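Colleague: Structure provided below as structure tokens; questions to follow.
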Amino acid sequence: MKVSKPAMVDRKDTWRFITKALCRILWYSSWVLLFLDVFTFFLVLIAAVLLFTQGFKIEAIRLIKLRGFFSLPGLLIAFWGMLICCLADPGKRLNSLRHMIFRLGRRGADSLWLSKKRGHFSIEMSYNTTEKEHFAGTEKAIMVTNDREIRQEISDSLIKKYGKEPGTMIVHELKVCQGEARIDIALVNGAMHGYEIKSDRDTLERLPGQIKIYNRVFDTITIITGISHLKEVATLIPPWWGIKVASCEASGKITITEIRQPESNANIDAFSLAQFLWKDELVDLVMRYNVGKEIKRLTRAQLWAYVSENIPLEELKAYVRECLKKRQAWRPDAQRTLNDD
1131 MKVSKPAMVD RKDTWRFITK ALCRILWYSS WVLLFLDVFT FFLVLIAAVL LFTQGFKIEA
1191 IRLIKLRGFF SLPGLLIAFW GMLICCLADP GKRLNSLRHM IFRLGRRGAD SLWLSKKRGH
1251 FSIEMSYNTT EKEHFAGTEK AIMVTNDREI RQEISDSLIK KYGKEPGTMI VHELKVCQGE
1311 ARIDIALVNG AMHGYEIKSD RDTLERLPGQ IKIYNRVFDT ITIITGISHL KEVATLIPPW
1371 WGIKVASCEA SGKITITEIR QPESNANIDA FSLAQFLWKD ELVDLVMRYN VGKEIKRLTR
1431 AQLWAYVSEN IPLEELKAYV RECLKKRQAW RPDAQRTLND D
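Quick note, the numbering used here runs 1130 ahead of the 1-based positions in the sequence shown.
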């Protein structure tokens, strides 16, 4: 019997985990060192004031000079520890400090820095050659994007593009592989298209695992990312994924720019695809082949295995799309069906 295998952790994932753990240790150690350094400095300062008031002026000055000499190495170590963490850790927790450091010192081809404008932080980016081709070589000042705004813009654009096509459905937060992951937006018509959103406010921690899960079931996948994640996203996703960049201008308008069109997925897993189906839907599919009624006694997991091994993949894909469109028991906020006539 075929069993769905959990996503394996490759060397890159292991190295990324180790790097992140070391960055966190270094980050907190740097803060502790900085706190102790500042705390002891104030204690020495109080002691120097007491000496000064008692008439020991020379000793007080020497004490302050000596403390300042020993505090400099601690401050430098703490600063460089934080700098290394900010440059190495892609986590959302360090974004603001990392951007400030980029603004102060890093002006390379992939530099990012924050500038304050109208009470919001805006990102300015010096694009590399590939990005210049898509953005006509111009630099844009934008505000940080968020998931809700990007989701609304993508939904509206899909409705505008596919709204007149019969049997097209949009599902928000669609569970994949029995809840191992949720795709932000799924478009179901003659194929299954997945849209994953990674705004500037999101992190990319879950993306490697999501990639492996989404690759099992979707015909095409497009990731919509904020500019701050563009370079890292491009290195993580497969070459057949599409890429769109979301930017928020000073006026608040969300702009979606296509960087790369998606290509067809040639490695869909039949077992994972069958997991979209409910038991009655699985039984109905199997009964089309005039099998015995004992098939109804099988568990849902056994039916997934049977279907994946005995039903042609193209037929299974078409049946899954048909069942998703016919369902009535969706969450009210999870789906919008377009032109069901």
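The beta carbon of each residue, even a glycine, is placed where N, CA and C say it ideally should be.
All values derive from a computational prediction rather than experimental measurement.
Would you list, in sequence order, the uninterrupted alpha helix (DSSP H) runs of no fewer than 4 residues that lie entirely inside the segment 1320-1378?
Modeller: Runs of alpha helix (DSSP H) with 4 or more residues, each lying fully within the segment 1320-1378, are found at 1337-1344, 1360-1366, listed in chain order.
Colleague: Closest to L1317 by C-alpha separation, out of K1305, I1148, V1301, would be which residue?
Modeller: For this step, residue 1317 is matched to residue 187 along the sequence shown. The shortest Cα separation from L1317 among K1305, I1148, V1301 belongs to V1301.
Colleague: Closest by CA to V1450, which one among V1416, K1423, Q1432?
Modeller: On the sequence shown, position 320 is the one that residue 1450 refers to. Among V1416, K1423, Q1432, the Cα nearest to that of V1450 is on V1416.
Colleague: Measure the alpha-carbon distance for L1366 versus T1170 and round it to whole angstroms.
Modeller: Against the sequence shown, residue 1366 aligns to sequence position 236. Against the sequence shown, residue 1170 aligns to sequence position 40. If you take the alpha carbons of L1366 and T1170, they lie about 45 Å apart.
Colleague: Determine the closest residue to Y1436 out of G1372, D1349, L1407, with distance taken between C-alpha atoms.
Modeller: In the sequence shown, the residue the question calls residue 1436 occupies position 306. It is L1407.
Colleague: Just list the residues that DSSP pairs K1305 with in beta bridges.
Modeller: For the purposes of this step, residue 1305 is taken as residue 175 along the sequence shown, with counting starting at 1. As a beta-bridge residue in DSSP terms, K1305 pairs with R1312.
Colleague: Thinking C-beta only, is S1329 closer than 7 Å to G1356?
Modeller: What you label residue 1356 is simply residue 226 of the sequence shown in a count that begins at 1. What you label residue 1329 is simply residue 199 of the sequence shown in a count that begins at 1. A contact, by the Cβ cut-off of 7 Å.
Colleague: Say whether the segment 1273-1291 touches the segment 1327-1343, bearing in mind that this needs 3 or more beta-carbon pairs closer than 8 Å, one atom from each stretch.
Modeller: yes
Colleague: Between which two residues does the alpha helix (DSSP H) carrying E1444 extend?
Modeller: In the sequence shown, the residue the question calls residue 1444 occupies position 314. It spans 1443-1456 - the alpha helix (DSSP H) in which E1444 sits, taken as one unbroken run.
Colleague: Helix, strand or coil: which one does DSSP assign to R1237?
Modeller: Indexing the sequence shown from 1 puts residue 1237 at position 107. At R1237, the pLDDT of 35 sits below 50, so the modelled position is not reliable and the matter cannot be decided from this model.
Colleague: Would you mind working out which of T1385, K1455, K1291 sits nearest S1377, comparing C-alpha positions?
Modeller: The residue labelled residue 1377 in the question sits at position 247 within the sequence shown. It is T1385.
Colleague: Can you list, in chain order, the residues of its chain with a C-beta nearer than 6 Å to that of W1474? Leave out the 5 residues immediately preceding and following it.
Modeller: What is shown of the chain runs 1131 to 1471, which leaves residue 1474 out entirely.
Colleague: Could you tell me which residues DSSP puts in a beta bridge with I1386?
Modeller: Within the sequence shown, residue 1386 is the residue found at index 256, counting from 1. Partner(s): A1376.
Colleague: If you reduce the DSSP assignment to three classes, tell me which class I1176 lands in.
Modeller: As a first step, residue 1176 is located in the sequence shown; it is residue number 46 there, counting from the start. Residue state, collapsed to three classes: helix.
Colleague: Give the secondary structure of F1479 by DSSP, where H, G and I count as helix, E and B as strand, and everything else as coil.
Modeller: Residue 1479 is absent from the structure shown; the chain starts at 1131 and stops at 1471.
Colleague: Could you compute how far the alpha carbon of V1174 sits from the alpha carbon of I1389?
Modeller: Start at 1 with the first residue of the sequence shown, and residue 1174 comes out as number 44. Start at 1 with the first residue of the sequence shown, and residue 1389 comes out as number 259. Approximately 57 Å between the Cα atoms of the pair.
Colleague: Is L1407 helix, strand or coil by DSSP?
Modeller: Taking the first residue of the sequence shown as position 1, residue 1407 is located at position 277. Three-state DSSP puts L1407 in coil, outside helix and strand.
Colleague: Would you decide whether G1324 is buried or exposed? Buried here means 16 or more other CB atoms lie within 10 Å of its CB.
Modeller: The residue you call residue 1324 lines up with position 194 of the sequence shown. Burial call: buried.
Colleague: Going by beta carbon distance, what residues of the same chain come within less than 8 Å of I1194, once the five residues before and after it are set aside?
Modeller: The sequence position of residue 1194 within the sequence shown is 64, counting from 1. Sequence-distant Cβ neighbours of I1194 in its own chain, meaning closer than 8 Å and more than five residues away, are V1174, L1175, A1178.
Colleague: Please list, in chain order, all residues of the same chain as R1312 whose beta carbon is under 6 Å from its beta carbon, the five residues on each side excluded.
Modeller: Walking along the sequence shown from the start, residue 1312 turns up at place 182. Once the five neighbours on either side are set aside, the close Cβ partners of R1312 are E1303, K1305.
Colleague: Could you check where the alpha helix (DSSP H) with A1435 kicks off and where it finishes?
Modeller: Your numbering for residue 1435 matches position 305 in the sequence shown. 1430-1440 is the span of the alpha helix (DSSP H), which, as asked, contains A1435.
Colleague: Quick one: grab the DSSP three-state call for Y1419.
Modeller: Along the sequence shown, read from residue 1 onward, the residue named residue 1419 stands at position 289. DSSP places Y1419 in coil when its eight states are reduced to three.
Colleague: For L1412 versus L1433, is the C-beta distance shorter than 7 Å?
Modeller: Sequence index remark: in the sequence shown, residue 1412 carries index 282 (1-based). Sequence index remark: in the sequence shown, residue 1433 carries index 303 (1-based). Contact flag set, yes.
Colleague: Going by C-alpha to C-alpha distance, which of I1353, R1346, D1349, N1345 sits closest to E1326?
Modeller: The count along the sequence shown starts at 1 and reaches residue 1326 at position 196. The shortest C-alpha separation from E1326 is found at I1353.
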